[in-house]
Amino acid sequence: MRNKGLLSCGAVTAVEDKCKRLLGALSDYVDGEAEEAICAEIERHLAECENCRIVVDTLSKTVYLYRHLEPAPLPAAVRVRLFKRLNLEEYI
Ligand SMILES: [Zn+2]
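Residue numbers for the sequence shown follow our numbering, beginning at 291 and rising by one.
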């Protein structure tokens with residue numbers, strides 16, 4: 291569905307179409323798994339598109355945190371309540 295609001299000028303629409311096309315490849319790009327030609331295209335686009343830069347930046351940080359942070363330990367009281375709720379008291 292095309293947005294016919296304030297941003298319907300040709301230039302903006304062309305950029306948005308490119309964004310949509312590249313967004314599909316961004317997760318591969320952040321994982322370092324995108325093909326070289328696609329990487330080059332994404333990097334060219336990122337140089338001129340702040341919106342996509344923000345998306346890539348946020349995605350990279352999320353992936354980094356997901357991979358590098360230790361899982362938070364479950365507080366003992368929460369663990370007891372959780373296990374009781376799940377009828378797993380014998381495992382507490
Ligand atoms: Zn973009």
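Glycine included, every Cβ here is placed at the ideal spot set by N, Cα and C.
With a 10 Å radius around the Cβ and a threshold of 16 neighbouring Cβ atoms, L312 comes out buried.
For the pair V320 and V353, the CB atoms are nearer than the 7 Å cut-off. Going by DSSP, Y354 is part of the alpha helix (DSSP H) stretching over E340 to H358. Straight across, the Cα-Cα distance linking K310 with H358 is about 29 Å.
Short of 8 Å from the beta carbon of H335, and not among the five residues preceding or following it, lie these beta carbons of its own chain, in chain order: K308, C309, L312 and C342. Listed in chain order, the non-local C-beta contacts of Y381 below 7 Å within the same chain comprise F373, local neighbours out to five positions each way being set aside.
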